[in-house]
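Visitor:
Chains as they are written, first to last, in the numbering used here: chain A, 514 to 791; chain B, 224 to 347.
#1: Between the stretch 753–766 of chain A and the stretch 515–530 of chain A, can you find at least three pairs of beta-carbon atoms closer than 8 Å?
#2: At 9 Å on the CB atoms, spell out the chain B contacts of residue 545/A, in chain order.
#3: When Cβ atoms are compared, which residues of the stretch 769–788 of chain A fall closer than 7 Å to chain B?
#4: So what's residue 752/A in DSSP terms, helix, strand or just coil?
#5: Over what stretch of residues does the alpha helix (DSSP H) that includes residue 701/A continue unbroken?
#6: Is the number of C-beta pairs between the stretch 641–653 of chain A and the stretch 622–631 of chain A that are closer than 8 Å three or more?
#7: Counting Cβ pairs, one atom from each stretch, are 3 or more of them under 8 Å apart for the stretch 742–758 of chain A and the stretch 698–717 of chain A?
#8: Name the chain A residues that come within less than 7 Å of residue 273/B, Cβ to Cβ?
#9: Rounded to whole angstroms, what's the CA-CA distance from residue 718/A to residue 515/A? Just pull it up for me.
#10: Within 10 angstroms of the Cβ of residue 278/B, are there 16 or more other Cβ atoms? Answer buried if so, exposed if not.
#11: Name, going along the chain, the residues of the stretch 278–302 of chain B whose beta-carbon falls closer than 7 Å to a beta-carbon of chain A.
#12: Name the chain A residues that come within less than 7 Å of residue 237/B, Cβ to Cβ?
#13: Relative to the C-alpha of residue 313/B, which residue among 249/B, 344/B and 232/B is closest?
#14: In the DSSP output, which residue or residues are listed as bridge partners for residue 723/A?
#15: Fully enclosed by the stretch 593–649 of chain A, which alpha helix (DSSP H) runs are 4 residues long or longer?
#16: For residue 548/A, which residues of its own chain have a beta-carbon under 7 Å away from its beta-carbon, when the five flanking residues on both sides are left out?
#17: Do you know how far the Cα of residue 304/B is from the Cα of residue 622/A?
#18: Do we get a CB-CB distance below 8 Å when we pair residue 588/A with the residues of chain B?
#19: With a cut-off of 8 Å, do at least 3 Cβ pairs link the stretch 245–263 of chain B to the stretch 778–786 of chain A?
#20: Going by other Cβ atoms of all chains shown within 10 Å of its Cβ, with 16 needed for buried, is residue 601/A buried or exposed?
#21: Measuring CB atoms only, is the stretch 576–595 of chain A touching the stretch 655–668 of chain A, in the sense that at least three cross pairs come out at less than 8 Å?
#22: Apart from the five residues just before and just after residue 721/A, which ones in its own chain have a Cβ nearer than 6 Å to its Cβ?
#23: Residue range of the alpha helix (DSSP H) that residue 267/B falls in?
#24: Residue 283/B and residue 241/B: beta carbons closer than 8 Å?
#25: To the nearest angstrom, how far is the alpha carbon of residue 733/A from that of residue 269/B?
#26: If you reduce the DSSP assignment to three classes, tell me which class residue 757/A lands in.
#27: Output the boundary residues of the beta strand (DSSP E) element that contains residue 516/A.
#28: Rounded to the nearest angstrom, what separates residue 678/A and residue 333/B at their Cα positions?
#29: On the DSSP bridge assignment, give the partners of residue 776/A in chain order.
#30: Determine which residues of the stretch 225–258 of chain B have a Cβ less than 8 Å from any Cβ of chain A, and write them out in chain order.
#31: Counting only Cβ pairs nearer than 7 Å, list the residues of chain B close to residue 689/A.
#32: Under 8 Å, do residue 561/A and residue 574/A count as touching if we go by C-beta distance?
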């Protein structure tokens with residue numbers, strides 16, 4: 514089964530159009546949504562979460578068409594957005610009791626276990642929490658009502674590397690055959706660590722959606738002289754930089770003659786090169 | 224079983240898993256019918272994509288190095304003498320390629336190489 518299926522998803526605003534987007538997130542996998550500010554990541558996520566109505570297209574979540582079935586699906590989807598709606602006078606314990614009253618599938622033991630694992634104080638008001646602590650609390654909450662699909666929008670932005678790693682570890686442990694994750698982030702290196710699939714939005718269009726490792730296998734970095742660069746098949750070159758004493762090119766490995774040493778690239782380098790080229 | 228995944232080597236991750244397990248199977252480092260970790264478990268443990276791990280297992284299965292029992296998991300296949308031989312031949316070819324490249328740099332032709340080889344071989 515697929516956790517998310519987008520078919521021709523389109524949202525038209527006066528100054529911006531998202532889509533049409535076709536995208537599939539299979540169960541048991543993690544997809545990273547990347548793109549510059551204003552590329553349409555949050556619009557896509559808002560449409561999936563029924564916070565905005567698409568202009569056209571069909572969204573299917575966990576095998577059920579939305580928006581018709583969204584209310585029934587609500588508890589099966591865990592959500593972490595970049596700002597949290599929790600009243601700050603509450604403690605984590607009190608927030609848990611509020612959730613228990615609001616959600617049918619709330620699991621107090623799971624919640625307590627996450628609070629302990631993430632070193633979150635249960636009896637301290639949230640207004641005394643750091644941003645990292647609030648994000649961890651949001652994650653604990655999202656994972657304590659038997660959600661099968663977890664959606665995170667910029668959840669690791671602005672957090673220090675240790676907290677980000679803690680969050681990534683939790684996501685990694687959460688994802689098995691019965692679960693799936695969609696995560697958007699500016700921090701491409703985070704996504705490179707945990708994602709199976711990468712979807713890249715640029716100016717409202719889906720520029721690519723593919724297996725992360727295949728993307729990294731197919732492309733590479735070549736360091737050579739400007740003259741040698743001119744000798745290469747030009748369709749192999751995605752982007753290039755010319756220096757005084759050499760050149761650097763991001764290339765498609767399959768079009769580069771055998772024997773030319775191609776270095777591994779990072780996802781970030783690939784994304785930037787593709788955005789520049791467009 | 225130890226698998227070392229390098230992010231800096233140019234070798235694709237699926238190929239690293241595939242090649243290392245293949246070497247273990249053909250070299251006898253893994254016993255016949257020994258269970259392999261599940262795809263999900265191995266991916267989690269090595270912090271790599273489950274899809275990539277699946278691709279490596281599929282490739283190993285296609286080549287008859289491992290087999291899968293539905294609901295039970297994957298196991299090391301019986302060592303196939305033919306496959307072991309092919310693997311050795313492949314390794315010989317790799318070494319020969321390296322020799323050919325070095326020979327070219329030293330200005331040696333095939334005859335020189337054959338001569339070197341037979342001299343070394345005689346001395347053995």
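Note that beta-carbon positions come from the ideal geometry of N, C-alpha and C, so glycine has one too.
Guide: Considering the structure as presented:
#1: Counting Cβ pairs under 8 Å, fewer than three are found: no touch.
#2: Taking a Cβ-Cβ cut-off of 9 Å, residue 545/A has no neighbours in chain B, whose nearest Cβ is about 11 Å from it.
#3: Those would be 775, 776 and 777, in chain order.
#4: Residue 752/A falls in the strand class under three-state DSSP.
#5: Counting along the chain, residue 701/A sits inside the alpha helix (DSSP H) bounded by residues 701–707.
#6: Because the criterion of three Cβ pairs below 8 Å is met, the stretch 641–653 of chain A and the stretch 622–631 of chain A touch.
#7: They do not touch, by the three-pair rule.
#8: Near residue 273/B (Cβ distances below 7 Å), the residues of chain A are 541, 542 and 709.
#9: Their backbone Cα atoms lie some 22 Å apart in a straight line.
#10: Of the residues assessed, residue 278/B falls on the buried side of the cut-off, its CB having 16 or more other CB atoms within 10 angstroms.
#11: Listed by position, the residues of the stretch 278–302 of chain B near chain A (Cβ gap below 7 Å) amount to none.
#12: From the beta-carbon of residue 237/B, the residues of chain A found nearer than 7 Å are 726.
#13: Closest option to residue 313/B, Cα to Cα, is 249/B.
#14: Residue 723/A is bridged to 711/A.
#15: If we require 4 residues or more, the alpha helix (DSSP H) runs fully inside the stretch 593–649 of chain A come out as 605–615 and 621–630.
#16: In the same chain as residue 548/A, and ignoring 5 residues on each side of it, the C-beta atoms closer than 7 Å to its own belong to 554, 713, 714 and 715, in chain order.
#17: Computed Cα separation, rounded: 54 Å.
#18: No, no contact with chain B.
#19: Counting Cβ pairs under 8 Å, fewer than three are found: no touch.
#20: By the 10 Å Cβ count, residue 601/A comes out exposed.
#21: Contact annotation: the stretch 576–595 of chain A touches the stretch 655–668 of chain A, with at least three C-beta pairs closer than 8 Å.
#22: Excluding positions up to five away in sequence, the list reads 713.
#23: Unbroken alpha helix (DSSP H) run through residue 267/B: 262–269.
#24: In this structure, residue 241/B lies closer than 8 Å to residue 283/B by Cβ.
#25: Approximately 23 Å, taken between the alpha carbons.
#26: Here residue 757/A sits in coil by DSSP.
#27: Per DSSP, residue 516/A belongs to the beta strand (DSSP E) from 515–525.
#28: One C-alpha to the other measures close to 56 Å.
#29: Answer by DSSP bridge pairing, in chain order: 734/A.
#30: Cβ contacts with chain A come from 230, 231, 232, 233, 235, 236 and 237.
#31: Within chain B, the residues near residue 689/A are 263.
#32: With contacts defined by Cβ atoms closer than 8 Å, residue 561/A and residue 574/A form a contacting pair.
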